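Data block below; observations after.
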Amino acid sequence: MTTLLVIAKEPRPGQVKTRLTPPFTPAEAAALAEAALADTLSAVAATPATRRVLVLEGAPGPWLPPGFDVVPQCAGGLDERLAAAFAGCDGPALLIGMDTPQVTPALLTVDLADCDAVFGPAEDGGFWALGLADPDPRLLRGVPMSTPTTGAVQRGRLLAAGLRVRDLPPLRDVDTAADAEAVAALAPEGRFAARLAGLTAVASR
């Protein structure tokens, strides 16, 4: 079985989803971030795992379901924070972020017995998931994050280390208002879609 890791920020106004403002206010962007995080954690909670860990910047809130260990993010760049998350695992681990609320337990149920790594590319050039059969923080340190080539560099790092990599389906991150609409359409029954619909309805009055 696998440890499932979710790396996330506490959904506080002005601290998360800043590219959603405008058209949304900082409070509305934070509400959308909270809904995305809640959907993500719900999917992880429904996925078979040995351990579920929220690697959090900030403090947990009522959006956190039971069954998760909460550990603080370390200092440093995102590559260092991701590396530290894997360093805390002593067996196969799959890490995702909070920006893909359309994720499902089926996507997260990965078998690392027949490969060394699984890689989920994001449509913006990053990646939404990374699984390692033998977590090695060195595989992430130094990878430039939040660039259009982040995913390609990270996947190349895995291959250069001689790992057998299995690709997961690409997913779209929620960064902009257009992303939010597209992702909500993919998971219309989720909290994220409901929150977006509510905000859109208020704005149209």
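Take numbering that gives the first Met the number 0: the final residue in the sequence shown is number 204, and no numbers are missing along the way.
Yeah, the Cβ is synthetic: ideal placement off N, Cα and C, and Gly gets one too.
Just so we're clear, the structure is a prediction, and the values are computed from it rather than from any experiment.
Please state the DSSP three-state secondary structure of residue i.
i    : result
V215 : The structure shown does not extend to residue 215, since the chain is modelled only from 0 through 204, so no value can be given for it.
P71  : strand
R50  : strand
P64  : coil
V109 : coil
V43  : helix
P104 : helix
R204 : With a pLDDT of only 48 at R204, under 50, the local geometry of the prediction cannot be trusted, and no value is derived from it.
E56  : strand
A215 : The question about residue 215 has no answer, for the chain in this structure spans 0 to 204.
D98  : coil
Run the CB neighbour count on residue i, radius 10 Å, all protein chains shown included, and call it buried at 16 or more, exposed below.
i    : result
P134 : buried
E122 : exposed
P27  : Looking at the sequence shown, residue 27 is not Pro but Glu. Buried: at least 16 other Cβ atoms inside 10 Å.
T99  : buried
D166 : exposed
E180 : exposed
DSSP beta-bridge partners for residue i?
i    : result
A218 : Residue 218 falls outside the range modelled here, since the chain spans only 0 to 204, and no answer is possible.
P120 : F126
A26  : Beta-bridge pairing links A26 to no other residue.
I'd like the list of long-range same chain contacts for residue i, defined as Cβ closer than 6 angstroms, with 5 residues on each side in sequence excluded.
i    : result
V69  : L53, L55, P59
E9   : G57, A58
P169 : P120, E122
At what residues does the beta strand (DSSP E) containing residue i begin and finish?
i    : result
V164 : 164 to 166
Looking only at its chain, what residues have a beta carbon closer than 8 angstroms to the beta carbon of residue i, apart from the 5 residues adjacent to it on each side?
i    : result
L40  : V5, L53, W62, L63, P64, F67
V164 : C114, D115, A116, V117, F118, R154, L157, L158
I need the boundaries of the alpha helix (DSSP H) containing residue i, first residue and last residue.
i    : result
F85  : 77 to 86
T149 : 149 to 159
D172 : That residue, D172, is in no alpha helix (DSSP H); it is neither H nor E in DSSP.
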